[in-house]
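Protein chains in written order, with the numbering used here: chain A, -5 to 276; chain B, 2 to 297; chain C, 832 to 1126.
Data block below; observations after.
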């Protein structure tokens, strides 16, 4: 298990954004994290990347506790993330954004540069080549010299991914990586994530685009009101009545009903449409 | 004991002027999240303009005071239009606004220097009639009482205005969230301009009272109060009007007490700034402030 | 040669002053480069200046050693002040450093060893013009080289978005403190140089208005590159003399011109004067030129 979340609670004053959340992510897995708006998904990612601390509970990365470590420590251990509302360095070019992301892997020492040693030049060439490779990986190498603020929305999301990849992480936390993208871009990013997973990268992915999530993830955790509803494979999750209820609410026609033995049933056909036939379908 | 009581009284008097100055400072910060460093320059101009009206135009102080205050209010409008409004759209508007205010402060101060000369001047004798009352070893002048009364009156009027008047409430709304205020139909730019008007008017009033109290005016009188004003609003809490008032009084008291205790006025400011530094490090929101002050 | 000697006789002290101001402006630049607005540079210069001055004058310490001592002491004070204060947001950091600066100035004003209001008189003149400009060249070169080293990228990242920087593995507390301490040391160094320039230093020369001046040099010149602050320092230090040459001698007018320049820059050229020469934008060719062979 690469990442283990044990009973994490995060309260803001009296409001519990996360309430006893537990999940685990296996090495090499693409794990989805879904839930209605306000369920606590981004808060969970913030806790995992140590941007905020959990009120209680533990997080283990590589079987070592990390919930008390500062954010940069986690990055050093191999965790990288993107942000829901995109936190790029707007004044820098795309290439420079990725170079900044190379902090952990490219020492770029000061003194060889001071004396203009050839080794510094050689190294820098190599680092830049690697940075361009990250840009190429996400498909925006043509925009390398453009300022980040000149990019389109989809391109910016991809730039964030490129920057995250620059540090060669083992675990990638993606917060809505395809939000606002066109169908073709979504497919490309899907392909990218698949190929990263094939290379051994572990990915935890928040998304609202259901067909994207269902098609890509081997396992999915559903959050609602800060609690884990279920963790399971796409088939299980999309048929689970409580998940359906969380997303679609309850109506008379598709209401959850209880049988005499206590189990739940509902007319699930609408749900299947919801989970598989979105705009841009599967 | 008598000396202590006298010092306390003096502290309250000067504290009320500090409070009046700080209130204008904190009003703008509360509404715009910008530090208007030109406030001290308006303070200086207020005193000098009032003096000019009295000397050159022979007006009684009763007329010169409100007139000068009004002119300072207009200067505030100029400040807003020239230095702050053009920058509002920018992402770093509170930083660039601060720089802009530094520029305007330099311009205002150079205007003061150019128009009034570098000498220290004072209100002509007889501008205010002063009676001294002595009681139990305390001496209080009528001037001091008048200064305190006017300061308190203005500060009280402002508080009431912000709480009760429609425009006042609009100002508070803009201070909370200008986007929402706009959606509610509040003319945000106009409100901001008006806030600057009030803030600068009060700053100018403080300058006149300061000049009367210390019986001296000079183009660089803003220098000393500029930093003290900052200390007061930090102490009281940025954006909090009652905080600025309390902070001003506390500051005035601490000043005179420092002088009384150490016997010299040399360390007075050092103590003040050490207090400011400590407050920032330990409790940046000050006594009554509510703004988030750490890194985002 | 004759003309040069003559020029120097008249403008020698101005040239020296420009050099010192440029180094001081760079000391503020170092903290701005990591996104920290510090107004304590003048105070650190004062600490360095008085320390070095007292060491040379009263203890006979060799000049270079005093320079080092002044810088190091400023750095140490910078560390002590920086640690509690760097957590504060923008404007509050500025105010805290300002308060610190005032405490230093007033302390120096009231100590006997620093000569009080009269200042430290009789400091041997060890600083030569070539020394100042050599130092400036070395510092400028060093900062330019730093920009594209890992340290430089750290500072830039912190300046652009501190939270994102953390998630990239950057220990922001460490680097912000480092920038602050480096800035303090450089300011101390400049102050020490300045102390040995004119036989005398007074507390007034390290006060609030100097701190504001340094900020103005940086803003007017531009903080995107190391030569911005230098340009700002050169321009604004020389300006009063230039104005005097054109017949404008009145103090208030020179002051107003300063203010006007700052206002125009912040309104129309927010990245400073160097942004005129350094247009990185959407045009790929221009961006490429800007970062082409930096190693």
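All residues carry an ideal CB built from backbone N, CA and C; glycine is no exception.
- The alpha-carbon separation between residue 985 of chain C and residue 972 of chain C amounts to approximately 19 Å.
- Counting along the chain, residue 976 of chain C sits inside the alpha helix (DSSP H) bounded by residues 960 to 978.
- Using a CB distance cut-off of 7 Å, residue 278 of chain B counts as an interface residue toward chain C.
- With a contact defined as Cβ atoms closer than 8 Å, residue 33 of chain B and residue 919 of chain C miss out at about 19 Å.
- Neighbourhood of residue 931 of chain C in chain B, by CB distance below 7 Å: 278, in chain order.
- Our two residues, residue 255 of chain A and residue 235 of chain A, have alpha carbons roughly 16 Å apart in a direct line.
- Apart from the 5 residues on each side of it in sequence, residue 65 of chain A sits with its Cβ closer than 7 Å to the Cβ of 43, 44 and 45 in its chain, given in chain order.
- Nearest CB-CB separation between residue 223 of chain B and chain C: not below the 7 Å threshold.
- In the structure shown, residue 885 of chain C adopts helical secondary structure according to DSSP, grouped into three states.
- For residue 108 of chain B, the closest C-alpha among the options C/930, C/1023 and C/1093 is that of C/1093.
- Within the stretch 1072 to 1095 of chain C, those residues whose Cβ lies closer than 9 Å to any Cβ of chain B are, in chain order, 1081, 1082, 1083, 1084, 1085, 1086, 1087, 1088, 1089, 1090, 1091, 1092, 1093, 1094 and 1095.
- C/1003 is the residue among C/1054, C/1080, C/1077 and C/1003 whose C-alpha sits nearest the C-alpha of residue 67 of chain A.
- When Cβ-Cβ separations below 7 Å define contact, residue 905 of chain C makes no contact with chain A.
- Around residue 202 of chain A, no beta-carbon contact reaches into chain C at under 9 Å, the shortest distance being about 22 Å.
- Only residues of its own chain outside the window of five on either side were considered, and among them 850, 853 and 854 have a CB closer than 6 Å to the CB of residue 967 of chain C, listed in chain order.
- Shown here is that no member of the stretch 41 to 62 of chain B has a Cβ falling below 9 Å from a Cβ of chain C.
- Under the DSSP assignment, residue 985 of chain C falls in the alpha helix (DSSP H) whose first and last residues are 981 to 991.
- Neighbours of residue 1021 of chain C in chain A, taken as residues whose beta carbon is under 7 Å from its own, are absent, since the nearest beta carbon is some 20 Å off.
- Contact check for residue 908 of chain C and residue 937 of chain C: beta-carbon distance about 15 Å, past the 8 Å limit, so the pair fails to qualify.
- Cβ contact annotation for residue 34 of chain A (same chain, cutoff 6 Å, sequence separation greater than five): 11, 12, 217 and 220, in chain order.
- Excluding residues up to 5 positions away in sequence, 31 and 32 lie with their Cβ nearer than 6 Å to the Cβ of residue 176 of chain B in the same chain.
- Here residue 54 of chain A has -2 as same chain residues with Cβ atoms under 6 Å from its own Cβ, once five neighbours each way along the sequence are excluded.
- Across the stretch 38 to 67 of chain A, CB contacts with chain C closer than 9 Å involve 43, 44, 45, 64, 65, 66 and 67, in sequence order along the chain.
- In chain order, 122, 125, 126, 129, 138 and 139 place their CB closer than 8 Å to the CB of residue 89 of chain A, counting only its own chain and leaving out the 5 sequence neighbours on each side.
- At least one C-beta of chain B is nearer than 7 Å to the C-beta of residue 941 of chain C.
- Look at the stretch 103 to 116 of chain B: the residues with a C-beta under 9 Å from a C-beta of chain C are 103, 104, 105, 106, 107, 108, 109, 110, 111, 112, 113, 114, 115 and 116.
- Looking at A/101, A/9, A/29 and A/79, the one whose alpha-carbon comes closest to that of residue 995 of chain C is A/79.
- In the three-state scheme derived from DSSP, where H, G and I count as helix and E and B as strand, residue 211 of chain A is classed as coil.
- Take residue 49 of chain A, set aside five residues on each side of it, and the residues of its chain with a beta-carbon closer than 7 Å to its own are 3, 4 and 5, in chain order.
- In this structure, C/1081 is the residue among C/1081, C/1108, C/1091 and C/974 with its C-alpha nearest to the C-alpha of residue 114 of chain B.
- Among the residues facing chain B, residue 927 of chain C is included, as its CB has a counterpart in that chain under 7 Å away.
- For residue 971 of chain C, there are no C-beta contacts with chain A under 9 Å, since the nearest C-beta of that chain is about 12 Å from it.
- The distance from the Cβ of residue 4 of chain B to that of residue 261 of chain B is about 7 Å, consistent with a contact at the 8 Å cut-off.
- Within 8 Å of the CB of residue 171 of chain A, no CB atom of chain C is found; the nearest one sits about 15 Å away.
- In the structure shown, residue 261 of chain B adopts helical secondary structure according to DSSP, grouped into three states.
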